[in-house]
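**Student:** Residue numbers (our numbering): 135 to 802. Below is the structure I would like to discuss, written out as structure tokens.
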Amino acid sequence: MRFERLGKKWIVRIMDNGAVALVDKVHNVVWGGEVPGWITMEDGRYDLDAPTRVGSTSNGGAFAVYDTPGYSFRAEFELNDDEIVISIQELRCDGVLKEIEYPAHMLKIDCGVKNGYTVIPHKQGTIIPSRLDDGFMRHRHNTWRNITDINEVIPFEFCGLNMTWFGASLEESSVICYLPEAIDMALRVAGNAVFDEKGNAVDNHQGIYSGKRYSSMTPVWRSSKGKLSYKRSIVLKLVQNGYIGMAKYYRKMVMDSGRYVSLKEKIDQNPEVAEILGAPDLKIYIYTHRRNEPRLRSWSEPVLDGYECVHTTFEQVGNIIEDMQNIDIKNALILLGGWNRAGYDREHIDMWPPAECAGGTEGLALASQKAREAGYIFALHDNYQDIYPDSPSYDESLVMKHPDGSVQLGGIWDGGLCRLVCSSQALDLAAPVIENVKKYTSVNSYYLDTTTSAPMYECYDTEHPMTRYDDRSNKRKLLEELAKKNWIVGAEAGVDWAVPIAAYFEGMPGSSVGLNYGAESADFGMMVPLFNLVYHDSVVCYWQHGQPFGREDHVNHVLHDLLSAQPSSWSFVFEQWEDLKPLIKQCVELLGELHRRTAFAEMINHEFLTPDFEVHRSTFSDGTQVYVNFDICTHKCGEISLPPKGFYISYPNEDPVTGKLSRDIVLD
135 MRFERLGKKW IVRIMDNGAV ALVDKVHNVV WGGEVPGWIT MEDGRYDLDA PTRVGSTSNG
195 GAFAVYDTPG YSFRAEFELN DDEIVISIQE LRCDGVLKEI EYPAHMLKID CGVKNGYTVI
255 PHKQGTIIPS RLDDGFMRHR HNTWRNITDI NEVIPFEFCG LNMTWFGASL EESSVICYLP
315 EAIDMALRVA GNAVFDEKGN AVDNHQGIYS GKRYSSMTPV WRSSKGKLSY KRSIVLKLVQ
375 NGYIGMAKYY RKMVMDSGRY VSLKEKIDQN PEVAEILGAP DLKIYIYTHR RNEPRLRSWS
435 EPVLDGYECV HTTFEQVGNI IEDMQNIDIK NALILLGGWN RAGYDREHID MWPPAECAGG
495 TEGLALASQK AREAGYIFAL HDNYQDIYPD SPSYDESLVM KHPDGSVQLG GIWDGGLCRL
555 VCSSQALDLA APVIENVKKY TSVNSYYLDT TTSAPMYECY DTEHPMTRYD DRSNKRKLLE
615 ELAKKNWIVG AEAGVDWAVP IAAYFEGMPG SSVGLNYGAE SADFGMMVPL FNLVYHDSVV
675 CYWQHGQPFG REDHVNHVLH DLLSAQPSSW SFVFEQWEDL KPLIKQCVEL LGELHRRTAF
735 AEMINHEFLT PDFEVHRSTF SDGTQVYVNF DICTHKCGEI SLPPKGFYIS YPNEDPVTGK
795 LSRDIVLD
């Protein structure tokens, strides 16, 4: 050890090799402390060596200065009661900085230890446990796949990390890391992966390398236009009660900062928002017209072979609305995808007029009017980030540029390989469509694809240069413009900088194609309702259209919706409506009622009731409790018996609502 500073509840140790150990004195747990970290410049990645200087700061903390070829920075550690504030400041930059990973593996938990996990605000929320005492042969192999050999860098301020915090818990020591400003930050998430003595991940699939297997979290300080640009900081705080305590500390922070706005407040601003309480999200697909370019395969899976189909006409949308009234669905969100002139994911940004083959402007107007008369929310799916070269309004000057002047490419979708519009241009591009929708239809909600699901970008176009901070500001202005039209604002996936404006997100629990296996998260780790622990009474969180389509994993979707007390979500076309209708009605009665009762209540607790993570209980501030069992066998929870895929809802002073989602074979 080279240098040490003692605080009331923390010790900061700067080791001989430059690594930083953070010691929780109260619980005698050491976090980090093995390797210092890395700096990535334009010409390569460099290991940090021992600092050139260490010492005490004027306020009794510690500092260390690190130098590498072409770059140096100063790290400070301020000790405040149960907090450590880590800040870094650029001292010298002779080249182009990409990022600094420091302190390396700051929150580290060895694989196999008991009572340890890392906490990541990824989508609905994720923990990566250090141990799983369950399974045999292939049983739980999906779980092991989800919690091992994870090593990826995820930026903050989009759906990847949708809240500005992360944390870890080991035994009784629980640490939340809060980022006052996260726009230029990312997080290296390591989950039970193997690392060498220098802290680098190794592929040990065949077991031939030495190393240690552990989970860890490393802050990644990303450059802004090639420099650190401003002083950055992270606050580490000791909390009680693991990830619950972390989420509740963060809830307090966002209530103070303004990122939290309740559903009650949103209803005060726009009374029609009340119609979303308990409302199922019914996403109806209108028109598909893929490019005929078979060398391309869309990121949503299909080969672009020129397929064209009108799936649902606007008149058929009206028929569905009439059916919904006949089966007594009192409120709903009707969201149309592919309503635009060229079909789904085609010719953005030229959305207007509506697809003629589906009924055109008059058909859309009648369908929207019918929905409004029924008391439903009627929304259109739109996108002002992707733009296609075959769009009539395409102009390369609108597109984001890399530092070398090349255009920023997006994904491959039904329209082919798109480019990414600079968000500084998006508001002007959206204005004509918004004006026509407002003038010719009765739409009362608008949904933006990609705006809150994509990471923040930098633009190097000399006519409209942009930092990530600018990008976030531009995207927020676009959402605010929709709200100014008295529209109920929806957005893809979700991120908490958009919570003050959006009434609903589509894709918080999961936003991709593929099945949900149950207790596991859609991407990695075990799903935990972190976002709802913070924002349950602030925004409605639906599944995204990629996962509910076809309902192959319907059972697990409903269980997750029950656990978080959220309404159901659906994606379908007209020919599927008749068969899905009874199931939708069932979900409206079960999930819709639960959400209506708890929409203004805080989720105050979530618990794993079995060590295999299969049985959960959530508790709300109105006294409602929900138990769900993702397992394929019965579990006893005190006097409650939960069958496979079973649930138990306890409303205050009422008989419980119990049941299960069936996998039975039904013979005619």
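Where is the CB? At the ideal position from N, CA and C, for every residue including glycine. For clarity, every value in this text was computed on a predicted model and none was experimentally measured.
Report the three-state DSSP secondary structure of Leu801 (helix, strand or coil).
**Tutor:** Leu801 falls in the coil class under three-state DSSP.
**Student:** Could you check what DSSP says for Ala560 in three-state terms: helix, strand or coil?
**Tutor:** Helix at Ala560.
**Student:** Have a look at Gly194 and Tyr384 and give me their C-alpha separation to the nearest angstrom.
**Tutor:** Straight-line Cα distance between these residues: approximately 27 angstroms.
**Student:** For Asn739, which three-state DSSP category applies?
**Tutor:** Residue state, collapsed to three classes: strand.
**Student:** Using the three-state DSSP reduction, which class does Thr732 fall into: helix, strand or coil?
**Tutor:** Here Thr732 sits in helix by DSSP.
**Student:** Check whether the Cβ atoms of Pro237 and Val369 sit closer than 8 angstroms, and answer yes or no.
**Tutor:** For Pro237 and Val369, no; Cβs fall outside 8 angstroms.
**Student:** Starting from Asp181, trace the beta strand (DSSP E) in both directions and tell me its first and last residue.
**Tutor:** Start and end: Gly178 to Asp181.
**Student:** Over the uninterrupted alpha helix (DSSP H) stretch that includes Leu500, give me the two end residues.
**Tutor:** Gly494 to Glu507 is the extent of the alpha helix (DSSP H) around Leu500.
**Student:** With 16 other CB atoms within 10 Å as the buried threshold, where does Cys245 fall?
**Tutor:** Burial call: buried.
**Student:** Would you please verify whether the beta carbon of Leu313 is less than 8 angstroms from any beta carbon of chain C?
**Tutor:** Judged by its chain identifiers, the structure shown contains no chain C, having just a single protein chain.
**Student:** Would you kindly work out how many angstroms separate the C-alpha atoms of Asp520 and Met149, rounded to a whole number?
**Tutor:** Going from the Cα of Asp520 to the Cα of Met149 covers about 48 angstroms.
**Student:** Which residues in the same chain as Pro488 place their Cβ atom closer than 8 angstroms to its Cβ, once the five residues preceding and following it in sequence are excluded?
**Tutor:** Here the set comprises Phe448, Trp473, Asn474, Arg475, Gly494, Thr495, Gly497 and Leu498.
**Student:** Helix, strand or coil: how does DSSP classify Phe290 here?
**Tutor:** Reduced to three states, the DSSP call for Phe290 is coil.
**Student:** Buried or exposed for Ser303, please, with buried defined as at least 16 other CB atoms from any protein chain shown within 10 angstroms of its CB.
**Tutor:** Under this definition Ser303 is a buried residue.
**Student:** Which residues mark the beginning and the end of the alpha helix (DSSP H) in which Asp415 is found?
**Tutor:** Unbroken run through Asp415 is the beta strand (DSSP E), Asp415 to Tyr419; no alpha helix (DSSP H).
**Student:** Check whether the region 289-298 and the region 316-330 touch, using three or more Cβ-Cβ pairs below 8 angstroms as the test.
**Tutor:** They touch, by the three-pair rule.
**Student:** For Lys417 and His679, which I take to be in contact (beta-carbon distance under 8 angstroms), what is that distance rounded to the nearest angstrom?
**Tutor:** Yes, they are in contact, since the Cβ atoms of Lys417 and His679 sit about 5 angstroms apart, within 8 angstroms.
**Student:** So within the region 393-447, which uninterrupted beta strand (DSSP E) runs reach at least 3 residues, ignoring any that extend past its ends?
**Tutor:** You should have 415-419, 421-423, 426-431, 437-439 and 442-444.
**Student:** Give the C-beta separation of Ala198 and Pro185 to the nearest angstrom, bearing in mind that I take them to be a contact with Cβ-Cβ under 8 angstroms.
**Tutor:** Contact flag correct, Cβ pair sits at about 4 angstroms.
**Student:** Give the single residue among Glu626, Lys159, Arg136 and Asn151 whose Cα lies nearest to the Cα of Lys142.
**Tutor:** Checked all of Glu626, Lys159, Arg136 and Asn151; the closest Cα to Lys142 is Lys159.
**Student:** Can you look up Ala627 in the DSSP assignment and give me helix, strand or coil?
**Tutor:** Three-state DSSP puts Ala627 in coil, outside helix and strand.
**Student:** What three-state label does DSSP hand Thr744 in the structure shown?
**Tutor:** Of the three classes helix, strand and coil, the one that applies to Thr744 here is coil, per DSSP.
**Student:** Starting from Asp457, follow its DSSP beta bridges and name the residues at the other end.
**Tutor:** DSSP lists no partner for Asp457.
**Student:** Going by DSSP, which residues form a beta bridge with Thr260?
**Tutor:** Paired residues: Ile254 and Met661.
**Student:** With a threshold of 8 angstroms, are at least 3 pairs of Cβ atoms found where one atom belongs to the region 433-446 and the other to the region 406-424?
**Tutor:** Result yes; three or more Cβ-Cβ pairs closer than 8 angstroms.
**Student:** Which runs of the alpha helix (DSSP H) fall wholly inside the region 536-590 and span at least 4 residues, in chain order?
**Tutor:** You should have 557-574.
**Student:** Which value, in whole angstroms, describes the spacing of the CA atoms of Ala636 and Thr768?
**Tutor:** Computed Cα separation, rounded: 39 angstroms.
**Student:** Using DSSP bridges, identify the partner residues of Trp299.
**Tutor:** Paired residues: Tyr312.
**Student:** Span of the alpha helix (DSSP H) holding Ile718?
**Tutor:** Start and end: Phe708 to Cys721.
**Student:** Just checking my contact of Tyr518 with Leu612 at CB under 8 angstroms: how many whole Å lie between their CB atoms?
**Tutor:** Right, the Cβ-Cβ distance comes to about 6 angstroms (below 8 angstroms), so this counts as a contact.
**Student:** Helix, strand or coil: which one does DSSP assign to Leu612?
**Tutor:** Here Leu612 sits in helix by DSSP.
**Student:** Name the two residues that bound the continuous alpha helix (DSSP H) containing Ser698.
**Tutor:** It spans His688 to Ser698 - the alpha helix (DSSP H) in which Ser698 sits, taken as one unbroken run.
**Student:** Any idea what DSSP makes of Ala617, helix, strand or coil?
**Tutor:** Ala617 falls in the helix class under three-state DSSP.
**Student:** Taking His482 as the reference, which of Pro523, Ile568, Leu467 and Ala505 has the closest Cα?
**Tutor:** If we check each option's Cα against that of His482, Pro523 comes out closest.
**Student:** If contact is defined by three or more beta carbon pairs under 8 angstroms, each pair taking one atom from either stretch, is the region 587-607 in contact with the region 248-264?
**Tutor:** Judged by Cβ distances under 8 angstroms, the region 248-264 makes no contact with the region 587-607, as fewer than three pairs qualify.
**Student:** Do Pro745 and Leu725 count as a contact pair if the criterion is CB distance below 8 angstroms?
**Tutor:** Cβ atoms of Leu725 and Pro745: not closer than 8 angstroms.
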